[in-house]
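As structure tokens, the structure follows; a few thoughts come after it.
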Amino acid sequence: MRHSKGNLILELDMSKAYERVKWKFLYAILEKMRFLARFIALIKHAIEHCWFTNLVNGEPFGFFKSSQGLRQGDSTSPALFILASEALSRGLNHLSSQNPDMFYQMGCKTRVTHLAYGDDIIIFTRC
46 MRHSKGNLIL ELDMSKAYER VKWKFLYAIL EKMRFLARFI ALIKHAIEHC WFTNLVNGEP
106 FGFFKSSQGL RQGDSTSPAL FILASEALSR GLNHLSSQNP DMFYQMGCKT RVTHLAYGDD
166 IIIFTRC
């Protein structure tokens, strides 16, 4: 009896991922990609030293500090999110090179392990 593996496509919606990016992970990625220590320190300061306030009846009331994630509307957030996504992409490529029979078989020599666009990623694998 012959058993053949089937192909599987996974779609990950990363729309909430902005709020879940761990700062330590982001700093580690920046170091791994050989960004200058001064640049990493600037990013760290911009991310960690941000205070927010609540408006009650149109008046500011109290302050609180952000504890994780990237801020929506911050001009650096999309670029930092792309760097975090790049780490996932490189990890999938490394996994593919270590386990070539694990990924999608299309019947041609081109191997596609994943596609990333916007806030989604599609992973092609075998089950």
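In short: position in the sequence shown from 1, add 45, done, that's my numbering.
Backbone N, C-alpha and C fix where the C-beta goes; we use that ideal spot for every residue, glycine too.
| request: Report yes or no: do three or more beta-carbon pairs, one from the region 102 to 116 and one from the region 154 to 167, lie closer than 8 Å? | output: Judged by Cβ distances under 8 Å, the region 102 to 116 makes no contact with the region 154 to 167, as fewer than three pairs qualify.
| request: Please report how far the alpha carbon of Q143 lies from the alpha carbon of F97, in whole angstroms. | output: Each residue's Cα considered, the two are about 45 Å apart.
| said: Quick check on the burial criterion: 16 or more other C-beta atoms within 10 angstroms. Buried or exposed for L125? | reply: With a 10 Å radius around the Cβ and a threshold of 16 neighbouring Cβ atoms, L125 comes out buried.
| task | Please check the pair I166 and L115, which I expect to be a contact at CB under 8 Å, by giving their CB distance rounded to whole angstroms. | result | Not really, about 17 Å apart at Cβ, beyond 8 Å.
| Of all the options S122, I92, Q113 and L87, which has the alpha carbon lying nearest to the alpha carbon of R65? | Ranking the options by Cα distance to R65, first place goes to Q113.
| said: So the candidates are N52, N138, I54 and A62; which of them puts its Cα closest to the Cα of I127? | reply: It is A62.
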